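Asks: First residue of the sequence shown? That's -3 in the working numbering, and the numbers climb one at a time after it. Just so it is clear, CB atoms sit at the ideal spot from N, CA and C, and this is done for glycine as well. Source: prediction; values computed, not measured.
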Amino acid sequence: MFHLLFGTSASLADHPALHTPDALVIEPDPLGLCAWWVPRSLLAALRAVVPAADIDAALAPHRGVLSLVLRGLALTPEEAERREAHAADPIGFMTHNGLVTGHVTKAWTLALAPLVAGRTLVIPTLAGLDHHGFLVIQGFQSVLPPEERPTVVVAVGPGITDAGRDLWTAEREGVLATVALAEGLAETRVERISPPVPAEEVAPSALPGRFDPLDDALEIRAWASGDADLLQAGAEAAFRAYGFTGVLRLGLRALDLLAPGDAARRMHRLVALAAYNRQVRRSDQTDELPALLEAHFEAALAGEEDPAVQSHLYYRLAINTGRRKGDLDQGIAEGTRAIELARDPRVPRGLGAFLEAWARNGRAFSFATARRGAEAMADCEAAWEMLAEAEQHPGAPTMELLPTRAVLADNLARVSLLRRDHAAAARWQRELEAAEQAMGGMTG
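(1) Assign Leu122 to one of three DSSP states: helix, strand, or coil.
(2) Return helix, strand or coil for Thr184, following the three-state DSSP convention.
(3) So, helix, strand or coil for Thr16, using DSSP?
(4) Could you please give me the residues that DSSP links to Ala113 through a beta bridge?
(5) As a quick exercise: from Ala76, Leu42, Pro341, Leu244, pick the residue whose alpha carbon is nearest that of Asp302.
(6) Rounding to the nearest angstrom, what Cα-Cα distance links Gly348 and Ala31 in this structure?
(7) Looking only at its own chain, which residues have a Cβ that is under 6 Å from the Cβ of Thr184, when we skip the five neighbours before and after it?
(8) If you measure between the beta carbons of Val21 and Pro120, is that distance less than 8 Å?
(9) Which first and last residues belong to the alpha helix (DSSP H) in which Leu27 is found?
(10) With DSSP collapsed to three states, give me the class of Thr91.
(11) Hey, could you find the ends of the alpha helix (DSSP H) Val305 is sitting in?
(12) If you pair each beta-carbon of the stretch 253 to 264 with each one of the stretch 40 to 52, do three or more pairs fall below 8 Å?
(13) According to the neighbour-count rule (16 or more other Cβ atoms, all chains shown, within 10 Å of its Cβ), is His92 buried or exposed?
(14) Measure from the alpha carbon of Leu324 to the alpha carbon of each residue in Arg236, Ala364, Glu377, Leu408, then state which is nearest.
(15) From the DSSP output, in three-state form, read off Leu1 for me.
(16) Whose CA, out of Ala250, Asp211, Ala355, lies closest to the CA of Leu62?
(17) Taking buried to mean at least 16 other C-beta atoms within 10 Å of its own C-beta, is Ala237 buried or exposed?
(18) Which ranges does the alpha helix (DSSP H) cover as unbroken runs of at least 4 residues, wholly within the stretch 366 to 416, from first to last along the chain?
(19) Quick check: what's the CA-CA separation for Met373 versus Arg410?
(20) Three or more C-beta pairs closer than 8 Å, one from the stretch 377 to 388 and one from the stretch 352 to 362: is that the case here?
(21) Okay, do the stretch 328 to 340 and the stretch 307 to 314 touch, 3+ Cβ pairs below 8 Å being the bar?
(22) Look at the alpha carbon of Glu432 and the alpha carbon of Ala402, and state the distance between them as a whole number of angstroms.
(23) Do Arg245 and Gly28 have their C-beta atoms within less than 8 Å of each other?
(24) Decide if Leu0 is buried, meaning its Cβ has at least 16 other Cβ atoms within 10 Å, or exposed.
(25) Less than 8 Å separating the beta-carbons of Val443 and Leu14?
(26) Have a look at the DSSP bridge pairing and note the partners of Ala422.
(27) Taking the alpha-carbon positions, what's the Leu66 to Val186 distance?
(28) Could you please give me the residues that DSSP links to Val152 through a beta bridge?
(29) Taking the alpha carbon of Leu55 as the point to measure from, which residue in Glu371, Ala107, Arg249 has its own alpha carbon closest?
(30) Would DSSP call Val267 helix, strand or coil?
(31) Specify the secondary structure class of Val61 as computed by DSSP and reduced to three states.
(32) When DSSP builds the beta bridges, which residues end up paired with Val21?
(33) Near Ala296, what residues of its chain come up, given a Cβ to Cβ distance below 7 Å and the 5 sequence neighbours on each side ignored?
(34) Among residues of its own chain, excluding the 5 on either side of Leu140, which ones have a beta-carbon nearer than 7 Å to its beta-carbon?
(35) Do the CB positions of Thr101 and Leu64 come within less than 8 Å of each other?
(36) In chain order, what residues of the same chain have a beta carbon less than 6 Å from the beta carbon of His472, not counting five sequence neighbours either side?
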C-alpha cells in the first residue's frame, strides 16, 4: 500500500508516518549518480535488520543480473555470462527500453520482495530517486499477496513538481508519473498537508553514505574523488547497469579532465547515449538536447576506426538530424553512411546485419516524413530481412533481438497504413503480436 504525503518540507518534517519505528528509510541521491538507487538503499537498510543468510538466499537466484550493480558478488561462470548478457551495450539501440531494462527491474523486485514483506518503507523525498528503482517499489505491490505488501510512505514536496524543464527533466517526470499511478490506486492513502507558513523548498545536497557491503559505491566514490580515471570507471559501470543519469553526471565531469584521445572519445559516446536514453520519450521538448547529442556523437566519431561503432554513431546522428532537427536530406545521407559501414567486411556478420537493420529503420523515418513512401517501405522491409540474418549469426546484442523485431513490425504496420495497404498492415500487426507473445514476461 502507498501512503502519499503532499506538502512542503517544513509541513512534512514532523509527520509521524515519516518516523515510523523500524521503518526502512531510503536515502536521497540528489544528483542521481547511483543506478538502481532505490533497491540499493533498501538493501543497505535491510542489512541492519535481516540475517545475512536470509539476504544471501534472496539474492542467490538473481546474482548474475544484480552483479551489474552489486559488484562485490562472487559469480559462477554461468552467472558471469548472464551478467554480460544483461549489461547495457553501447552498440545496442534499445538500452532505454523497458523490454531490455525490465530484466533488472524484475531481478531486484523478486530478490527484495520477501525481505520487505509486511514492513514499512519510507521515502522522505523524491529528489534524486531514479525512475527504474521506483518501479521496483511498485513491483512489490504486484508480486506479494495483499496481506504481505509493504506500506510505502512517500513525501511528495513541491520542489520536484515545480522545477522547470531542463536536461535533467526526464528522470523527474518518470518518478512523478509513477507516483501519479500510485495515487490512482483504490488502496492508496493520500494526505495533503497545509504548510504552517510559506517555506522555500531546498533539495537535499548531501551524497548518500549508506551502502551494502556488496555495493562498492563506485559512482559516489568517483564523484567525491574528482579523479579522471575513477570518473571514467564510474560512468562506464553506470552505463552497464542502465544508470544513465549517473553516466551523464560523471561523464561530463570526466570530459573536463580527460585529454583528447581514445578515452575521451569513448566518454563522448557514453555521454551522448546516456543523454538520448534518459529523454528518448520527451526529447523533442528539451531545446538543448539536439545540439548536445550532435556535439558528443560527432566528437565520438572523430578518429574512430571501428566500422561497427562508426555505423552505430552515424545512425544516431541520422535520427538526431532527421527527427529532432528536421533536416531530412542530411538525415537520409547519414543513414546511408550507417548502412555502408554496417556492410564493412571487418564487421561480424550478425552484428553487421543488426546494425544495417537499425540504420534502414532510421533512414525510413526520414523517407516517410519526406513523403517518400515507397523508399520508406523498401527500407523497412530490408530492415526486417537484415534482422532475420542477425538472428542467425552471432554478434548482435542477444537481449535486443526480440524487442527489435517488435519495433520493426510496428513500423512496418505504420508505414503500410500510411500507404493505405491494409492487408500488409494486418500482416505486420500479426508479426508484432507474435513478437510480443514471444517476449512474454520480459519486462517483469
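Replies: Well, looking at it:
(1) DSSP places Leu122 in coil when its eight states are reduced to three.
(2) In the three-state reduction of the DSSP assignment, Thr184 falls in the coil class, being assigned neither a helical nor a strand state.
(3) In this structure, Thr16 counts as coil in the three-state DSSP scheme.
(4) DSSP, once it has assigned bridges, lists no residue as partnering Ala113.
(5) Distances from the CA of Asp302 to each of Ala76, Leu42, Pro341, Leu244 were compared; the closest alpha carbon is that of Pro341.
(6) If you draw a straight line from the Cα of Gly348 to the Cα of Ala31, it comes to about 30 Å.
(7) If we look at Thr184 and ignore the five residues flanking it on each side, its Cβ neighbours are Phe(-2), Ala178.
(8) Contact flag set, yes.
(9) Where Leu27 is concerned, there is no enclosing alpha helix (DSSP H), given that its DSSP letter is neither H nor E.
(10) Reduced to three states, the DSSP call for Thr91 is coil.
(11) Per DSSP, Val305 belongs to the alpha helix (DSSP H) from 303 to 315.
(12) Not touching, per the Cβ criterion.
(13) Counting Cβ neighbours within 10 Å, His92 comes out buried, since at least 16 surround it.
(14) Here the closest residue by C-alpha is Ala364.
(15) Taken through DSSP and simplified to helix, strand or coil, Leu1 comes out as strand.
(16) Among Ala250, Asp211, Ala355, the Cα nearest to that of Leu62 is on Asp211.
(17) Ala237 should be labelled buried.
(18) Counting only runs of 4+ residues, the alpha helix (DSSP H) found wholly inside the stretch 366 to 416 occupies 369 to 388, 397 to 414, in chain order.
(19) Cα to Cα, the separation comes out at about 10 Å.
(20) Result yes; three or more Cβ-Cβ pairs closer than 8 Å.
(21) Yes: the two stretches touch, three or more of their Cβ pairs being nearer than 8 Å.
(22) Between the alpha carbons of Glu432 and Ala402 lies a gap of roughly 7 Å.
(23) Yes, the pair counts as a contact, with Cβ atoms nearer than the cut-off.
(24) With 16 or more other CB atoms across the displayed protein chains lying within 10 angstroms of its CB, Leu0 is buried.
(25) No information on residue 443 is available, as it lies outside the stretch -3 to 440 that the chain covers here.
(26) Answer by DSSP bridge pairing: none, since Ala422 is not bridged.
(27) Each residue's Cα considered, the two are about 34 Å apart.
(28) DSSP lists Phe2 as partners of Val152.
(29) Of Glu371, Ala107, Arg249, the residue nearest in Cα terms is Ala107.
(30) In this structure, Val267 counts as helix in the three-state DSSP scheme.
(31) Correct three-state label for Val61: helix.
(32) Partner(s): Val118.
(33) For Ala296, where only same-chain residues beyond five positions count, the Cβ hits under 7 Å are Arg261, His264, Arg265, Ala268, Leu309.
(34) Beyond the five residues adjoining it in sequence on each side, Leu140 comes within less than 7 Å, by CB distance, of Ala109, Ala113 in the same chain, given in chain order.
(35) With respect to the 8 Å criterion, Thr101 and Leu64 are not classified as neighbours on the basis of their beta carbons.
(36) Nothing about residue 472 can be read from this structure; the chain reaches only from -3 to 440.
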